[in-house]
Ligand SMILES: [Fe+2]
Ligand SMILES: [Fe+2]
Ligand SMILES: [Zn+2]
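Laid out in structure tokens, this is it:
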């Protein structure tokens, strides 16, 4: 007996949703496209928000940046929810085995008291910076315009919560779960002179109103500088001091920064390419926040790494700004 | 050094709750500016009990696992043309209502919880809201992906987000969520977190998902199951919000009660669409709307409100009226759509004789008396080739935006009709509940974008209804609308199944 496998070929009526078809033509679409384009309402809102009655619920005027089409901010990583969590799950799996290995082998015992104190003084307080970044990215999620950028901001916001928690775990590993390292680090954050500039800057970002400006201040200026200072330069210093194993606990952040700056650079490029007005505005914001950040980070960078450190970080930031076509 | 063992609560506090700090350089109120204007008093955010203590690493891990399984099913569904396994092509019209009417609400939930997830002054509450925000983004995106294959083979799904912003009956769900998001952050939480997610969600999701299961729709069943553990978290958040508000200050109690009354009423009006889906649109029935209301509201909700009585919270206002309406709403709603079927983005039909008998059996006190005769008449007209469509556009309730088709419960042949005059303008309502909501905040509801008014004012193109449907709604007129009989959907189905 011969078995005939029947596979029905049914003619589809259309290849994708009409809004995707209008943008890209009548052809099969990607999951990113169907899950991203035109998801957010743009017309016929019923009521003005009581909390901001001069604007609509979804309103492009919550930033001074102007875009013809807010969906120009395509995410080069093509993250929609499913793609995002699966990518992060892979990263956390590696992180989890790193943390487990570190704890099982009790690698903390190879770290000198002096270096341990440095980690608590310089690395662990960054959990509060990550928390600020969480809020600043949620700000763009809530008040930004168009799913392309607001979903990417949400993913970023959740990442920052995750990294705040990883940094807290580093503290707990160092203090044997007593929480003392976290208390010490918070005291640093609240009281030590070297941190006050950065804390004041964090508080300032949290009261800044233009969401695109907040995004640039946080995700470009502050992140670029801190990434270089902490996850490159301070990491090198720990290596030299025999505390290279800490690198296992910050690998997540290193990978994350690569992943995210790719997205952020694309956002900047797109905004700049849109108009000279956007470019001028971005240049002005970046100059302002670069100036504030340089001032705020100076004492911290010097105490943590020495006199040259900040200049190196600023140079890298300036390269990224130039590459985005801003200067 | 032996590390001390931390319990989950302490660990979560250390990892998450202590991230916050007291501001020294800026006014904290400027960073969280919307906490006070509603009159809610929060004396101590640290009393917030985290409803679930999920760290991000665990979240990524569990959710990625769920997504992997879910998308494997979607792929298989598409590959095997899973749409051929559904009970009847009429079933897909429930999906059209879902994608155009409900999925965009998931999107608004994502936005609303992002707002509260940024605005609450307490880190525990903020983080819980953020997690719900990202879950809700998941829901809208997985729903779009689940329907993606159906969209390739059926009409009426293709322009769901464009339709949601414009089509007359879709302003009912849209305005519901716009209302909640336009409110202050605490009202949003009572509206969506508590009233919607905790009290009413089972009446939305269980019927749709069981409906999918009973009608052979693997794609929808799978995303429904996959969303269940998210929903469990959302429900605990909704309950924690209520308890937290009520425990923080006694002055919060009357405010919360007012919101519960409002959102319960608004919610039940919204669920009208589910009632008609259950009783009329599912070829294989799960249970009647009346039964669902009894199980999921009267029993479960009754126990909940008994529990909340110790805080001074009573049953929502008009719950007694809704107990009567459960006998009527689905029949009144499907009749509205049947008679306006030329202007709907999905197909309508007369129930089969078997289905009419089922309705008679499930609604012994009302169906034969009030509703069956209508359908018998519609059958006669259809048999004569005079399928009935009404020419008039319906008048809408200013609050819930449902066409004025509900009746008085002591006289179910009399349309229920209320009005208010505000600044010399007359506003119309379907019920006391909707009128009271308007009277409480007229400045808000005079803004309602009422689709029928908008058409009359020429804001939706025209001049004819068909022009509005084709140009403004972007419907494929003749394919998306009208009766299922003779529709391209039906024709294709017959071809696939090899029936004449
Ligand atoms: Fe949801
Ligand atoms: Fe939910
Ligand atoms: Zn009404």
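Chains as they are written, first to last, in the UniProt record's numbering: chain X, 1 to 327; chain Y, 1 to 500. Yeah, the Cβ is synthetic: ideal placement off N, Cα and C, and Gly gets one too. Bear in mind the structure is a predicted one, so any value in this text is a computation, not a measurement.
Against chain Y, the beta carbon of residue 76(X) has no neighbour under 7 Å; the closest one sits roughly 19 Å away. One finds 21, 22 and 24 in chain Y with Cβ atoms closer than 9 Å to the Cβ of residue 190(X), taken in chain order. Here residue 145(X) carries a coil assignment [DSSP, helix/strand/coil]. Using a Cβ-Cβ distance cut-off of 8 Å, the region 172-192 of chain Y and the region 71-78 of chain Y are not in contact, since fewer than three pairs of beta carbons, one from each stretch, lie closer than that value. Within chain Y, no C-beta atom comes less than 9 Å from the C-beta of residue 69(X); the nearest is roughly 15 Å away. If you check the CB distance, residue 161(X) and residue 141(X) do not come in under 7 Å. Note on geometry: alpha-carbon atoms of residue 266(Y) and residue 201(X) lie some 43 Å from one another. Residue burial annotation: residue 7(Y) is exposed, with fewer than 16 other C-beta atoms found within 10 angstroms of its C-beta.
Annotation: the continuous alpha helix (DSSP H) that includes residue 212(X) extends over 211-215. Sequence-ordered contacts of the region 165-183 of chain Y with chain X read 165, 166, 171, 174, 175, 178, 179, 181, 182 and 183 [C-beta pairs closer than 8 Å]. In the three-state scheme derived from DSSP, where H, G and I count as helix and E and B as strand, residue 348(Y) is classed as strand. Around residue 314(X), the same chain offers 225, 290 and 294 as residues with beta carbons nearer than 8 Å, after the five sequence neighbours per side are excluded.
Against chain X, a Cβ distance below 7 Å from residue 117(Y) picks out 138. Using a 10 angstroms sphere on the CB of residue 9(X), the tally of other CB atoms stays under 16, which defines it as exposed. Residues of the region 41-72 of chain Y with a Cβ closer than 9 Å to any Cβ of chain X, in chain order: 55, 56, 57, 58, 59, 60, 61, 62, 63, 64, 65, 66, 67, 68, 70 and 71. The bridge partners DSSP lists for residue 415(Y) are 407(Y).
Under the Cβ criterion of 7 Å, residue 7(Y) is not counted among the residues facing chain X. Annotation: residue 27(Y) to residue 204(X) spans about 10 Å, alpha carbon to alpha carbon. Contact check for residue 371(Y) and residue 331(Y): beta-carbon distance about 4 Å, within the 8 Å limit, so the pair qualifies. Boundaries of the beta strand (DSSP E) harbouring residue 425(Y): 425-429, taken from the DSSP string. Separation of the CB atoms of residue 99(Y) and residue 160(Y) is rounded to 5 Å, and the pair is thereby assigned contact status at 8 Å.
Per DSSP, residue 451(Y) is one residue of the alpha helix (DSSP H) stretching across 451-456. In the structure shown, the three-state DSSP call for residue 252(Y) is helix. At least one beta carbon of chain X lies nearer than 7 Å to the beta carbon of residue 114(Y).
For residue 177(Y), same chain residues with a beta-carbon under 6 Å away, outside a window of 5 residues either side, are 105 and 108 in chain order.
Near ligand 3, meaning a beta-carbon closer than 6 Å to one of its heavy atoms, we find 269(Y), 397(Y), 399(Y), 400(Y), 402(Y), 429(Y), 430(Y), 431(Y) and 434(Y). In this structure, the C-beta of residue 106(Y) approaches ligand 1 to less than 6 Å from one of its heavy atoms. The beta carbon of residue 234(Y) sits closer than 6 Å to at least one heavy atom of ligand 2. Taking 6 Å as the cut-off, the C-beta of residue 139(Y) counts as close to a heavy atom of ligand 1. In the structure shown, residue 50(X) falls within a coil segment according to DSSP collapsed to helix, strand and coil.
At the C-beta level, residue 16(X) and residue 210(X) stay beyond 7 Å of one another.
As computed with DSSP, residue 226(X) is found in no beta bridge at all. Taken from the Cβ of residue 136(Y), at least one heavy atom of ligand 1 lies inside 6 Å.
For residue 12(X), the nearest beta carbon of chain Y is closer than 7 Å to its own beta carbon.
Note that the C-beta distance between residue 122(Y) and residue 21(Y) is not below 7 Å.
Listed along chain Y, no residue sits closer than 8 Å to residue 60(X) by beta-carbon distance, the nearest being about 14 Å off.
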